[in-house]
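Residue numbers (the working numbering): 25 to 353.
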Amino acid sequence: MDRHRAQRGLSLQPGRPGAPHSRGERRRQRSGRVIVSAIDGPRPVRSADLRALRDLAARAFQADGAQPFNDHSWSQLSEGQARVALIHADEKTLTAAAVVTGDEFELVVAPDARRQGLGRRLWQAAVGAGGRLVWTHGGLDAARALATACGAVAIRELLLMQLPHHALLELTDSDAPTRALPDGLELRTMQTGRDEQAWLDLNARAFAAHPEQGQITADDLAALQRESWYSPDDVLLLWQADELVGFNWTKIAPGPDGRPEGEIYAIAVSPDHSGRGLGRVLMEHGLRHLAESVTDVSLYVEADNVPALALYRRLGFEERSRDIHWQVR
Numbered sequence: 025m026d027r028h029r030a031q032r033g034l035s036l037q038p039g040r041p042g043a044p045h046s047r048g049e050r051r052r053q054r055s056g057r058v059i060v061s062a063i064d065g066p067r068p069v070r071s072a073d074l075r076a077l078r079d080l081a082a083r084a085f086q087a088d089g090a091q092p093f094n095d096h097s098w099s100q101l102s103e104g105q106a107r108v109a110l111i112h113a114d115e116k117t118l119t120a121a122a123v124v125t126g127d128e129f130e131l132v133v134a135p136d137a138r139r140q141g142l143g144r145r146l147w148q149a150a151v152g153a154g155g156r157l158v159w160t161h162g163g164l165d166a167a168r169a170l171a172t173a174c175g176a177v178a179i180r181e182l183l184l185m186q187l188p189h190h191a192l193l194e195l196t197d198s199d200a201p202t203r204a205l206p207d208g209l210e211l212r213t214m215q216t217g218r219d220e221q222a223w224l225d226l227n228a229r230a231f232a233a234h235p236e237q238g239q240i241t242a243d244d245l246a247a248l249q250r251e252s253w254y255s256p257d258d259v260l261l262l263w264q265a266d267e268l269v270g271f272n273w274t275k276i277a278p279g280p281d282g283r284p285e286g287e288i289y290a291i292a293v294s295p296d297h298s299g300r301g302l303g304r305v306l307m308e309h310g311l312r313h314l315a316e317s318v319t320d321v322s323l324y325v326e327a328d329n330v331p332a333l334a335l336y337r338r339l340g341f342e343e344r345s346r347d348i349h350w351q352v353r
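Here is the structure:
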């Protein structure tokens, strides 16, 4: 799977567009009910911020059907390596937030506080701090309108695809054939402390042209392994003797309703072994593994990755939404 990864940090300087004139500034929005404070930040994330961010993200998901921040954003927030800019309705209610590092950012506004200019304020703050790239999730019309109004240009699209339960059952039924491993190949799970470097080397080669996935470092991998959802048993590695020739990193994590959801988190085959049908072998074994715990499986893929899209559609995956990468002009 091709993945995008949120980046790290935000720096809001006095006098930049979107910066309040005073830290104590407050203004009443058109609704007459939402009292908006000045932008709080940038600053290191606190534990209370994480709880508030998760609550805000959950409210947005319920309204939009799309998560406003991706996994890497949460990983960086949990590791304390990201900073945030926050807008509160009151001392207890987080109304809008931006997670930004370097030249990339993501933002979200609470459903009941939209159409009040909060998204533009956070956008301007991020751009004033050096943000030049932004992810919008779910292909939402409002997000697209904001990005376009702010002069951004779409440069990349990721599709979120989902395998319906009936299709998963058909593929993983005990009577359904599963492609046998070619002679000389062995499939096993990640051995912590032994397989990480081989995974990093293959990931870098397989995703050499990918702007984020191919840049994963040992520290990035270690941070992912510390995530609550991570299990080495979910990382399937395909070996030929001592050579790692492919992997299917599956993921099982609680969904918004608390039920476990499955994902093909990252899948790759060594360029030296392409054309052998190993991608489908890895997919089938990964789906069988996930089917033991979940009823639905999703994945992300680049919209222009024609071979991967063809495979996923043959397996029964359907497009659910789109994430768009924008460049600020």
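Even for Gly, the Cβ is constructed at its ideal location relative to N, Cα and C. This structure is a prediction, so every number in the text was calculated from the model and none was measured.
Which residue's Cα is closest to the Cα of residue i: the options?
i	options	result
Ala169	Pro188, Gly104 and Gly141	Gly141
Gly89	Leu131, Asp136 and Gly163	Gly163
Leu80	Gln91, Asp219 and Thr216	Gln91
Asp199	Pro68, Arg78 and Arg312	Arg312
Met185	His234, Ala327 and His349	Ala327
Ser294	Gly104, Phe231 and Pro284	Phe231
Gly104	Pro135, Val124 and Thr172	Val124
Gln221	Leu245, Glu210, Pro256 and Ala121	Leu245
Asn329	Glu210, Met214, Ala233 and Ala150	Ala233
Ala191	Asp165, Leu339, Asp347 and Arg67	Leu339
Thr160	Ala137, Ala122 and Asp136	Ala122
Glu343	Asp266, Ala62, Met307 and Leu183	Leu183
Ile348	Val177, Arg67, Asp127 and Thr119	Val177
Pro256	Cys174, Gln215 and Ala167	Gln215
Asp207	Ala166, Arg300, Ala134 and His189	Arg300
Thr119	Asp281, Phe129 and Ala134	Ala134
Ala113	Ala76, Gly310 and Ala265	Ala76
Val305	Ala137, Arg283, Asp296 and Val269	Val269
Ala354	Gly282, Gly217, Val259 and Glu210	Because the chain is modelled from 25 through 353, residue 354 falls outside the range shown and cannot be assessed.
Ala84	Ser298, Pro280, Tyr336 and Arg218	Pro280
Phe93	Ser345, Arg250 and Glu130	Glu130
Asn272	Val259, Arg283 and Pro278	Val259
Phe341	Asp136, Leu195 and Gly143	Leu195
Pro297	Arg229, Asp64, Gly126 and Ala150	Here residue 297 turns out to be His, not Pro, going by the sequence shown. Selected option, being the one with the closest Cα: Arg229.
Asp64	Ser71, Arg78 and Leu110	Leu110
In this structure, what does DSSP give as the bridge partners for residue i?
i	result
Phe271	Leu261 and Ala292
Pro278	Pro284
Asp64	Leu110
Ala178	Trp350
Gln249	None, per the DSSP bridge assignment.
Glu7	Look at the range of the chain in this structure, 25 to 353, and you will see that residue 7 is not part of it.
Glu210	Trp263
Measure how close the beta-carbons of residue i and residue j come, nearest whole angstrom, since I'm counting them as under 8 Å.
i	j	result
Gln351	Arg212	Not quite, the Cβ-Cβ distance comes to about 41 Å (not below 8 Å), so this is no contact.
Val321	Leu187	4 Å
Trp253	Ile288	Between Ile288 and Trp253 the Cβ distance is about 14 Å, and since that is not below 8 Å, they are no contact.
Ser99	Leu248	6 Å
Val69	Val108	6 Å
Arg203	Glu308	6 Å
Leu333	Val325	6 Å
Leu262	Ile240	Leu262 to Ile240, Cβ: 19 Å. No contact.
Ala166	Arg138	7 Å
Leu335	Gly303	6 Å
Counting C-beta neighbours from all protein chains within 10 Å, is the total for residue i 16 or more, i.e. buried, or is it exposed?
i	result
Ser97	buried
Lys116	exposed
Asp95	buried
Gln86	exposed
Ala290	buried
His45	Any reading at His45 needs caution, since the residue's pLDDT is 32, under 50, leaving its predicted position unreliable; the model's value is listed next. His45 comes out exposed.
Arg52	In this prediction, Arg52 has a pLDDT of 43, which is less than 50 and means its spatial position is unreliable; what the coordinates show is noted afterwards. The residue in question, Arg52, is exposed, as its Cβ has fewer than 16 Cβ neighbours within 10 Å.
Ile179	exposed
Thr274	buried
Leu146	buried
Leu226	buried
Ala242	exposed
Ala106	buried
Leu193	exposed
Arg29	Note on Arg29: pLDDT 42, under 50, position unreliable in the model; the coordinate value appears next. The residue in question, Arg29, is buried, as its Cβ has 16 or more Cβ neighbours within 10 Å.
Glu181	exposed
Gly175	exposed
Asp73	buried
Ala82	exposed
Gly217	exposed
Glu267	exposed
Gly56	In this prediction, Gly56 scores a pLDDT of 44, lower than 50, which makes its location untrustworthy; no coordinate-derived value is stated.
Gly286	buried
Checklist entry - Taking only runs of the alpha helix (DSSP H) that begin and end inside the stretch 125-168, which ones reach a length of at least 4 residues, in chain order? => result 142-152
Checklist entry - Which residue spans inside the stretch 213-244 form an unbroken beta strand (DSSP E) run of at least 3? => result none
Next on the checklist: I'd like the ranges of any beta strand (DSSP E) spanning at least 3 consecutive residues and lying wholly in the stretch 66-130.
Outcome noted: 107-112 and 118-125
Next on the checklist: As an exercise, report each continuous beta strand (DSSP E) stretch of at least 3 residues that is fully enclosed by the stretch 303-337, in chain order.
Outcome noted: Segments of the beta strand (DSSP E) lying fully in the stretch 303-337: 321-326.
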